[in-house]
Structures are given as C-alpha cells and as structure tokens.
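Chains as they are written, first to last, in numbering that gives the first Met the number 0: chain A, 0 to 274; chain B, 0 to 332; chain C, 0 to 556. Scroll down for the structure; my scribbles are underneath it.
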Amino acid sequence: MSVQELQKTATLEHTADGHHHSDGILGEQFETLEQQNTSYLIGMWAFIVQEVLFFGAIFTAYAIYRFKYVLEFTLAHHELSVPIGTLNTFVLLFSSYTMARAVRAAMQNRHKKQAFYLFLTFLFAGVFMVNKYFEYSAKFEHHLFPGGDYSAHAVVEHAQKMGELREVEENGQKFYELGKTRDGQFTAFKRVTPQEFEQRTRLFFGFYFVMTGLHGLHVLIGMIIIGILIGRALIDHAKNKPVADFMPVEMTGLYWHLVDIVWIFLFPLLYLIGR
Amino acid sequence: MWNFPLVPPTASKEGADISLLYWAITLLAVVFGGIVLFGVIYLAVRYRADNNAVDRSNATESDLRVELAWTIIPLILALVIFGWATKLYADIYAPREGYYEVFVIGKQWMWHCQHPNGVRENNILTLPAGRLVKVSLISQDVIHAFSIPAFRVKRDAVPGRYNAMYFTPTKPGEYHLFCTEYCGTKHSEMIGKVVVLPEDEFQAWLEKGGQGLATATTSMGGGAAGGGTLTLAQQGEQTFKALGCNACHLNPNSAVKVPDITKTWGGEIKLADGRTVKGDEAYIRESILNPGAKIHAGYQNLMPPYQGQVSEEQLVQLIAYIKSLAGDSGGGK
Amino acid sequence: MTTTTYTGTDKPNYLNWKTSVASWLLTYDHKRIAILYLVSISIFFLLGGLAAAMIRMELATPKGDLLTSDVYNKMFTTHGVIMIFLFLIPSIPAVFGNFLLPLMIGARDVAFPRLNLLSWYFFMAGAACVLIALFRGGIDTGWTFYTPYSSSFAKGEVSLAIVGVFLAGFASIFTGINFLVTIHKMRAPGMTWFRLPLFVWAMYATSLIQVLGTPVVAITLLLVAVERTFRIGIFDPNLGGDPILYQHLFWFYSHPAVYIMILPAMGVISEVISAFSKRRVFGYHFVAFSSLAIAIIGFLVWGHHMFSTGQSIYAGIVFSFLTWIVAIPSAIKTFNWMATIWKGRVHWDTPMLYALGFMGLFVIGGLTGLHLAAMATNVHLTDTYFIVAHFHYVMVGGAIMGYLAALHFWWPKMTGRMYPEGWGKLAALLVFVGFNLTFFPQFILGYMGMPRRYHSYPEEWATLNVLSTAGSSVLGLGYLLPVIYLTWSLKYGKVVTERNPWGARGLEWELVDTPPDPHNFERTPIVTRPAYDYNHPEEPTGFVPKPRPVVVGGKDG
Chain A
0 MSVQELQKTA TLEHTADGHH HSDGILGEQF ETLEQQNTSY LIGMWAFIVQ EVLFFGAIFT
60 AYAIYRFKYV LEFTLAHHEL SVPIGTLNTF VLLFSSYTMA RAVRAAMQNR HKKQAFYLFL
120 TFLFAGVFMV NKYFEYSAKF EHHLFPGGDY SAHAVVEHAQ KMGELREVEE NGQKFYELGK
180 TRDGQFTAFK RVTPQEFEQR TRLFFGFYFV MTGLHGLHVL IGMIIIGILI GRALIDHAKN
240 KPVADFMPVE MTGLYWHLVD IVWIFLFPLL YLIGR
Chain B
0 MWNFPLVPPT ASKEGADISL LYWAITLLAV VFGGIVLFGV IYLAVRYRAD NNAVDRSNAT
60 ESDLRVELAW TIIPLILALV IFGWATKLYA DIYAPREGYY EVFVIGKQWM WHCQHPNGVR
120 ENNILTLPAG RLVKVSLISQ DVIHAFSIPA FRVKRDAVPG RYNAMYFTPT KPGEYHLFCT
180 EYCGTKHSEM IGKVVVLPED EFQAWLEKGG QGLATATTSM GGGAAGGGTL TLAQQGEQTF
240 KALGCNACHL NPNSAVKVPD ITKTWGGEIK LADGRTVKGD EAYIRESILN PGAKIHAGYQ
300 NLMPPYQGQV SEEQLVQLIA YIKSLAGDSG GGK
Chain C
0 MTTTTYTGTD KPNYLNWKTS VASWLLTYDH KRIAILYLVS ISIFFLLGGL AAAMIRMELA
60 TPKGDLLTSD VYNKMFTTHG VIMIFLFLIP SIPAVFGNFL LPLMIGARDV AFPRLNLLSW
120 YFFMAGAACV LIALFRGGID TGWTFYTPYS SSFAKGEVSL AIVGVFLAGF ASIFTGINFL
180 VTIHKMRAPG MTWFRLPLFV WAMYATSLIQ VLGTPVVAIT LLLVAVERTF RIGIFDPNLG
240 GDPILYQHLF WFYSHPAVYI MILPAMGVIS EVISAFSKRR VFGYHFVAFS SLAIAIIGFL
300 VWGHHMFSTG QSIYAGIVFS FLTWIVAIPS AIKTFNWMAT IWKGRVHWDT PMLYALGFMG
360 LFVIGGLTGL HLAAMATNVH LTDTYFIVAH FHYVMVGGAI MGYLAALHFW WPKMTGRMYP
420 EGWGKLAALL VFVGFNLTFF PQFILGYMGM PRRYHSYPEE WATLNVLSTA GSSVLGLGYL
480 LPVIYLTWSL KYGKVVTERN PWGARGLEWE LVDTPPDPHN FERTPIVTRP AYDYNHPEEP
540 TGFVPKPRPV VVGGKDG
C-alpha cells in the first residue's frame, strides 16, 4: 500500500491497529485499564502537588505579612464576614461529601445516581459562588477592594466601635493608635499613620482577593468540569450504558477535595484568626 | 595607548585575601578542567574507531572504587575551599569594630555619600588609606548595589534596610565605583570613583570640607544646612530638634516617660513582648519610622511614627547623632 | 486485508500519513507535538539571538552610541526572557523529551496526549503575550523581574509579559506531569528502572523540578503583576512590602530552572557519548542517581543568588555549603563520560563533536561555578560579566550544545534525512570557537569588575569587549549554518530508511522505523537487555512480539 492509499484509509487503520477497544474507555496509548487508571491517578496527584506549591508560595507570603503587621491585619480580619465564611465552609464540606458519593456511584456504574450527586455538588458550588458574590460586592461597596477607590475607612470605623483603634492628633498630625479596651481603659500597642494603616490593610485585602480569587477560579473551573460530567452521566444513563469510565469522576473528585482543602486553610487563616 | 589590563587593581587588604582565594580556586579549576579537557581529547583520539592498535580488553563498565575516588576527592577539595571562603567572608562581612563610617544612599541614578564630619559627596567617595572603613548602605527607591572592584567588595543597597560592608583601602589612588544591581534606564551611568588618599592628605581634605565639592545641599532631601561645617552627628542633633524629638527625648522635664536614647546604640534592648534586640542602625531606623514595631519593656508607645516625614539623609544624621550620644563618633564601640 | 510489510520511502510514517494543517495543529501524537515545539522554539531562538546580536554590537564600543540606554535595557530583557522562558526551558524536554520518551521506553505515546497538546497551546499563548508585550514598546526589567523595580518603577507591558511567562510556566508543568507519569507507567514489559536510557533518567529529574518549582515562580510573578495593578505592597518597601522576599521566591524556582535546562542536555550527552564510543555508559547507576541528586539538592541552594543582599551570614553559609555539594554530582557525570570514551571505539561524527564540545564548555562553566559557590569571591563576582560568562558556559555551552548534539543525532530518525556531515562538522567547530571567543573574555572582564547589564563601560575594557563581539559573530554564523543546512536537508539530504544509521543501541534505533511509524511500534515491545549493551551486538535490546493478523475496517477484512 502506498502513502496515498494509506492516507485515504488512515482513519480506519488508526482505529484498527489491534489496540482498539469497543467500549472506548481505554486510551490508545495504554495497554490495560489498570495501567490507564493508575496513570490518571499519579498524574492527578502530581497536579495536586503542583497546586499545593502554587498556593504554598502565596500562603508563605501571607504568613510573613500577617506576622509583620499583626495588629493591622487583625483589624482587617474583622471586616470579613464569619457567617458567610462559615456557611461557605459547610457548603464546600457538603459538596465534598456529595462528590465522594458521585465517585462511588460512578464506580458502581449507577449513572443516574452519579448525575444526581454531581448535580448536588454543582449546586453547592453554585451556592458557594453566590455567597462569594455577595461577600465581594460588600467589599466593593465598602471600598475595601484594593483598587483605585480603596479606603480603610470601614476598617477604622469598625475598629473604633470595638475599641481597638483610637484616632489621636498631635502637632496637627493624625495618628491611629491600635490597641485594646479593657474596663473602659484603652491601651495602645502601636501607633501608625493613616497612610500606613491604609497601606497595610490594603495589603491584607490584596491577599484576601488574590487568595480567595484564585480559589474561586478553581471552584469555577471545577463547576465547568462537573457540568460536563453531569451531561456525560445523563447520556450514559439515556443510552443505558452498562459500563462507563469512572476515572474522570474520580479525578474530578480528587480535584474537588483539593479545592475544599485549600478553603479549609483559607477560612481560618483569613476569617478566624485574630478574633 | 596600550591600555589592556587583565586583572583589576588590588587596593584593599580584603581584596588581597579575596584575590588569593580567587586564584586558588582558579588553579583548582585549571587542574580539573585540564584533566577533563585534555583527558577527553586524548581518549577520543586514542580510542578513535579506526585505531585498532590500542588495547581494548578488560573495558569495565563500572567500578565502585573509581566512582568513590572521583566522588570523594572533589568533595574533600570542595569542603576545604568552602571552609576557607566562608571564614574569609565572615571575617570581612560580620560586624567589625574600630572603623571609619560612611553612609551611602543610592537613588536612581546616583550615589550620595556622607562622612561623619558632615562632608557630603556625590558619586565620589574619598577615603583614607590604611583604615578600616564601614559603608552603611541604603537605597531610596529600587535595589542598587555598591561595588568597588579594586577592593573586591560589594553590597546591595536595598530600600528600607541598612546593609553594611567593610574594607581597608591600602593603596592611594582612584578606583571605579559601580552600581551592579540593575536599577533602570541609566543603570550604567550610576558610576563614580573611590578616591583613596594617604591618611594625612585625607585629614586635610576633610578639614577643608571636602574641597568644596560637597558642601552644597544636594537634591536628596533636606537635612540640616551647612554640611561640611557641622559633623554628621551635629547635623543629626539639629534634625533632632527640628523634628521636635527633644520635646520628650533627652528632656528631663518631659511629661511622658521615654526610653533613654543615650543607651540605645550598641545596647541590648528588652522589649515589651519579652524579646531582646540589639540597638543597631536597623533598630534605630525602625523605631523612628515605626516606633510601635518594637517597644521597650516598661514603656508605652506614645511616639508618633515618622514614616514618610524624614528623608533617608535625615535618618542617617539621626542615627549618627544617637550613636554619638552613646559615645561612638563613627567607629564602632 | 492483512498486515503489509513496507519498504523504502513508500512506507507511511508519522510525518506523511496525514498532511492537513489540522492534522498537525490538533495532533495528539507526541512526535508531531515535538515537531510543533521544534519549529516554534527555533523561531524564538532566532529572535532571542537577534537581541543578543544587538547587545554585542552596542558593546563593541565603550560608549553607549548604537542604542539608547532604554533600548539597550529592553534588548537584554528581550534576550533573557525569550531565551530562558521560550527557548531553553522547553528546548530539550519539549522537543526531544516529547519525541523520544515513548520511543525509548517502548510506549505508543505519552500518558496524556491531549495534555501534551494543551501544553503546546499554553506555551504558544504565553509566547504570544510575551511577544505582544515586546512589540508594544518592550519591557526593561531584566528577565529576573526584580522588585521593586518591576512592580513600582518599570514602564511598559510588564504585567502582560508576566502573564506570558505564567502561561509558558504551566506549559512546562504539564510537560513535567506528563513525563513523570509516562516514565512511571508507560514502560514496556522488561523495561525496568535500571534498563532505562540515561536520557530518561535525566528527563525524570527534570520533570520533578518542573512540577515542584514552576508553580512557585508562577504565583510570585502573578503577585508582581497584582502589585503593579493594585498597588498593594507585597514587594515594594514604600508600600510596606519586602523586595528580598521576591528574590527568595523567584530563585526558589529559577535556580532549579537552571537544572531544567542542563539536566536534559546531560541526558543527551550520555546517549551520544555512548552511541559514538560504542560502549555502555560507565557507572550507569552513578550517572542516573546524580541526576536525581542534582534535582533534589538543586532546590536547596537558591540563596546563593543573594549573598550580597545582606542576608544573614548563617543562611549564607548553609546555601554556600549546599552549593559546593551540588557541584559533586556534575563532577561524577563528567568523569563517568570520560571513562565511557576510555577503551571505546570513538566515531568523530557531528553529534559526538557537539558532545565533546559540551564536555569542554560545561566543565569550564561548572568549575567557574566554584568561584561563585565560595562566598568571599561570589560577592566580588556577582552581577558582573563573570556571572554572564559562567551561565552562558552552562546554558549555551552546556544546554545548547546538548540540544544541537541531540538535533543532529536524532535528525535522521525524526526526518528520514541525513544532514550534510561536512557542514555539520564545520558548524560544530564554528560554534565551539565562536562561543569561547565570545564568552571567555567575559570571565576576565567580570573579574575586573565590569557590571552586567551595562550599556557603556570604561575605555580600558574595550579590547576584550571587541574580542567578545567578534566571537559572537562567529558564534552567530555557527548557529545559522545548522538552521540552513538542516532545512536544506529536509528536501535534499540523503534519504535514510534504515532504522539504525548510527549503529546505536536503544529501542528508538533498534525497533522503530525511520521516520517512526505513527504508532511507534507495531506492537508493544518486550525489553530483554539493559541500555547501551554494546558488548552483545548480536542481542537486541528488545523485540516486538509477532503481530497477530490485523483486521482493517472490520467486516471487509
């Protein structure tokens, strides 16, 4: 057979080289399903390690500044909504559970059940994002997004109410004293200029938006993948497919747990500590 | 004109030591490099495919003894040089005493140098031969690096923190001064020279106020007027008063209780949180700019931060002043 | 229809079995993706080389006269960013790693062919961002993007360039993940870890660095872009940040990145030296494990880029110590290569010339690294031309020599055509001579204190700089020649149909057609011998089990 002939039959040749499997699960490069599945798993774990280093670097930077500007960061912490954060934590935890159920259903080739649990996961992720939307818009409203109209005003006001910040004026210059009020007595730990205070809280919200933003992006990507998986599961169900490849669901599950775990670190480090 | 140098001048005590190390490593490199380069060529020629006159029998494919030999011998040599180089580095860059101190401030794109007696120079640094010199470096904008190849020393000038370098110029003459950390458009114009004068000439130069080249107030922020007539510490005292520091500090009638700044420099300072820090330039700088960062044990933080209100030049003066209060006129204690 | 035995050029191969543009741009075939990478990085290499030529022309005279200092700064940034992120990092892994890994381990493809293609698209998207940033006025931060200059002072599309590097970084991560899994899971039966060719070991070590290091630089550069855009003070002290933190995070990746560039080249050299000495690589285990040792220790030495920043002396001592230690595995490799040549049958073909050139240049690059591992001399030499010379000896003298050795060695396998041997030898000679002429004077300049990234310099250094510029024109010619004759050989080169034109060992030579079949092997091979078994020429390294009759098209078979 010449090259020209082969080009005509190339597709046929390609699918008929002796490694084709009628169920279409096994990738052409693999010998056995077991090899394919463990490959996917190792690949996914390598990706997760990569993600850990990705987030790890920014957590490191955050830890350094949280240590350096502990009082300013503590006051900025107060601006984050613990109820929404807590709600989102539980939402994500539940979504991890439904995801695990979806993986199990996929392994059992129960397509409808799988679609159902995936849909629940998708729904929880959606709730998370909606909460995030409200949370973000509140920050924008209070000018806490570190953009052009950033102002630490909300932080200052809140901290004053809690008795942890005092405005003082000396030689015509304004300062903030950061401290604690006990028994009506204010003790100052630190004095900063309004400009410094603005810079440091801005840094906090910079970290907040970068970290939760990157995490949110991961949630969003996860939602797209889950959406596709729901469609696939429904098609499998409609076609009454006896066996389907559960690895995509399994890998998405791993990814989803990673997203969850990143949040489990973000929530206390951003919302809870310093309270 | 035949001007084709292959080595830099060596004009400091440290430079001579570093040169020795440099050539020792170079020798090691030449020996090892020579073994590999000539060894490879020799072997590749000798064992060329069409040469059947060589003995190819007993061609082993691995030999633990050989492997260990060429692992351990380089390792030992490496450790020896590592020890030598590290000792030398620590001797040069660890804090030393009995120095002549110059403050250098880098900014895009010039070097600004301040002598203890108040003489200021731009892009020229005049130094005495035969005396240990400490250069305290800081930058006003981006990272620069202060490099004097003839002395074999270099330090980065980092914004927001003081770095120190020490060296002992030995030979009078003029030497290159470079910025070696890329700092923007005119990086390659951030150059100057270091002028080393014999001790007596240097003293005369200092007394003349730096031959008129430095008395003018520079573009680098305010600072007490009359550089060249006042020492750096005296300028610092003026700045101290101008900023109103004397309302509380060094004021026996002060209404507020403040730490004794005459004991700050060189002292061990107990902090409110239980830590102890050393009273060095970085601590003084931080305590002026951001007094709340490290609070003396037993005191409340009542001092306003001066971040953004004092120039790097004024900070340098204030530090010199506080050092002088502790009896240090720029030479360590 | 039954299986057909093809002979001659008529035989379909991965290059000609499909010819549409889509069949190239949407291919999952690791060999075609390798070619996509080869074509793209060759273009970037020429662009980066052009910038280098401008730099050297400017430096031919002490005064800054040819370019303004602003344009000069943009030139060296262009040169650095393109050469590092768009050429050296993908060079051997993405081209030869992609092409060879499955062939060497007896697999039909890498583990994740689609991810492999995605990697190329990420790379091209990143490259597009970088090029747009460069064409829209350029950036002048240097490839290191040091803060606060890059975050608060530099003008131009720095953020866009950073996005480009970020995307190219993820291309590199995808390649790394793919190779790790491929090496773990796709080895043919009988291909045990210690039968692997050393190139595969080198790629394994490289992939580890890609996966563990790249995400850190990705997020770090992203933070620089965020700081530029939103003025939050992570790295700029005027905003409350710390510029030295940037250097820590940056070098945590960028030092190991040096090994991303050199380790694959070392792998190539092991292959080439063995093939042209007709001898098993001496001390196989030591060479294999030294790759891993370099990858691991390489992660712990980043602080040696920062001795002059005023970092604590104690931190410096640790970093310096580990830097001395990381030199040892490289020494082990070099000695083992020498011992491989010993009692071999050395063929002086072009790939071998490049390999010998690699050894010469890499040894100089490595040994001058000792001056930089020693803290006392490091501080004098850092940020001078000594550094420039040192890393060019390692990256150009090492990595690019390895790349060219690989290109010539596997060229007949990849294209089915032989390059012209005479021209090949001439080019290798020109590259070697031109390279030394260009960069050796820079060691001397550096010791005299000439700072890097200088647009003008004192008169007394003119002679050496002229020498360097002259050398660079020879070097440039040396690089242009292969571009020309390799392209020429695609059409006019001697046709190679035999599987093993070099008489080398390895599955890619013994069991794979030239050029390879779209599916690499007729069936998954079974490996029976260790790599480089030149002592048993009659015993193949592995064999392809007898094919079962294949039914094409199902029913009409």
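Each residue gets a CB set at the ideal place from its N, CA and C atoms; glycine is no exception. Being a predicted model, the structure only gives us computed values, none of them experimental.
Listed by chain order, chain A residues near residue i by CB distance under 7 Å
| i | result |
| --- | --- |
| residue 107(C) | 27, 28 |
Helix, strand or coil at residue i [DSSP, three-state]
| i | result |
| --- | --- |
| residue 191(B) | strand |
| residue 297(C) | helix |
| residue 191(A) | strand |
| residue 607(C) | Given that chain C is displayed from residue 0 to residue 556, the structure contains no residue 607(C) and the question cannot be resolved. |
| residue 72(C) | helix |
| residue 564(C) | Residue 564(C) lies beyond the range of chain C shown here (0 to 556); nothing can be said about it. |
| residue 300(B) | coil |
| residue 196(C) | coil |
| residue 397(C) | helix |
| residue 258(A) | helix |
| residue 25(A) | coil |
| residue 221(B) | The pLDDT assigned to residue 221(B) is 34, lower than 50, so where the model puts this residue is not dependable; a value taken from the coordinates is nonetheless given after this. In the structure shown, residue 221(B) sits in coil (DSSP, three-state: anything other than H, G, I, E or B). |
| residue 264(A) | helix |
Beta-carbon proximity of residue i to residue j, cut-off 8 Å
| i | j | result |
| --- | --- | --- |
| residue 293(C) | residue 259(C) | no |
| residue 528(C) | residue 543(C) | no |
| residue 412(C) | residue 507(C) | yes |
| residue 33(C) | residue 106(C) | no |
| residue 142(A) | residue 124(A) | no |
| residue 160(A) | residue 166(A) | no |
| residue 70(A) | residue 188(A) | yes |
| residue 175(B) | residue 448(C) | yes |
| residue 211(C) | residue 25(A) | no |
| residue 557(C) | residue 114(C) | With chain C covering 0 to 556 only, the question about residue 557(C) has no answer from this structure. |
| residue 229(A) | residue 117(A) | yes |
| residue 453(C) | residue 385(C) | no |
Where residue i meets chain B, residues with beta-carbon distance less than 7 Å
| i | result |
| --- | --- |
| residue 172(A) | 303 |
| residue 382(C) | 144, 179, 180 |
| residue 169(A) | 303 |
| residue 189(A) | 291, 300 |
Contact set between residue i and chain A, taken where Cβ atoms lie within less than 9 Å
| i | result |
| --- | --- |
| residue 307(B) | 192, 194, 195 |
Residue i at chain F interface by Cβ criterion, 8 Å
| i | result |
| --- | --- |
| residue 141(B) | Protein chains in the displayed structure are A, B and C, and chain F is not among them. |
Neighbour list for residue i in chain A, Cβ cutoff strictly below 8 Å
| i | result |
| --- | --- |
| residue 523(C) | 30 |
| residue 244(C) | 60, 63 |
Closer than 8 Å at the beta carbon, the chain C residues around residue i
| i | result |
| --- | --- |
| residue 155(B) | 307, 308, 309 |
Contact test: residue i Cβ vs the ligand SAH heavy atom, cutoff 7 Å
| i | result |
| --- | --- |
| residue 168(B) | As presented, the structure is devoid of all ligands, the ligand SAH included, so that no description of it is given. |
Neighbour list for residue i in chain B, Cβ cutoff strictly below 9 Å
| i | result |
| --- | --- |
| residue 137(A) | Chain B residues near residue 137(A): none, gap ~30 Å exceeds 9 Å. |
Closer than 9 Å at the beta carbon, the chain C residues around residue i
| i | result |
| --- | --- |
| residue 38(A) | 110, 111, 180, 181, 183, 184, 185 |
Per-residue contacts from residue i into chain B (C-beta, under 8 Å)
| i | result |
| --- | --- |
| residue 323(C) | 77, 78, 80, 81 |
Q) Is the segment 161-172 of chain B touching the segment 87-97 of chain B in the sense that three or more CB pairs, one from each, lie closer than 8 Å? A) Result yes; three or more Cβ-Cβ pairs closer than 8 Å.
Q.
Check whether the segment 496-503 of chain C and the segment 427-435 of chain C are in contact - that is, three or more C-beta pairs closer than 8 Å.
A. no
Q) Listed from N- to C-terminal order along the chain, which residues in the segment 42-55 of chain A have their beta-carbon within a distance smaller than 8 Å of any beta-carbon of chain C? A) Hits within the stretch, in order: 42, 45, 46, 48, 49, 50, 52, 53, 54, 55.
Q: For the segment 244-268 of chain B, enumerate the residues whose C-beta is nearer than 8 Å to any C-beta of chain A, in chain order.
A: none
(Q) Using a Cβ-Cβ cutoff of 7 Å, what residues of the segment 197-230 of chain A are near chain C? List them in chain order. (A) 198, 199, 201, 202, 205, 209
Q: Could you tell me whether the segment 87-103 of chain C touches the segment 22-40 of chain C, where touching means 3 or more Cβ pairs closer than 8 Å?
A: yes
Q. Per the contact definition of three or more C-beta pairs closer than 8 Å, is the segment 128-147 of chain B in contact with the segment 100-108 of chain B?
A. yes
Q. If you measure beta-carbon to beta-carbon, which residues of the segment 30-47 of chain B are closer than 9 Å to chain C?
A. 31, 32, 34, 35, 36, 38, 39, 40, 42, 43, 44, 45, 46, 47
Q: Count the CB pairs spanning the segment 138-155 of chain C and the segment 63-79 of chain C that are closer than 8 Å, and state whether there are at least three.
A: yes
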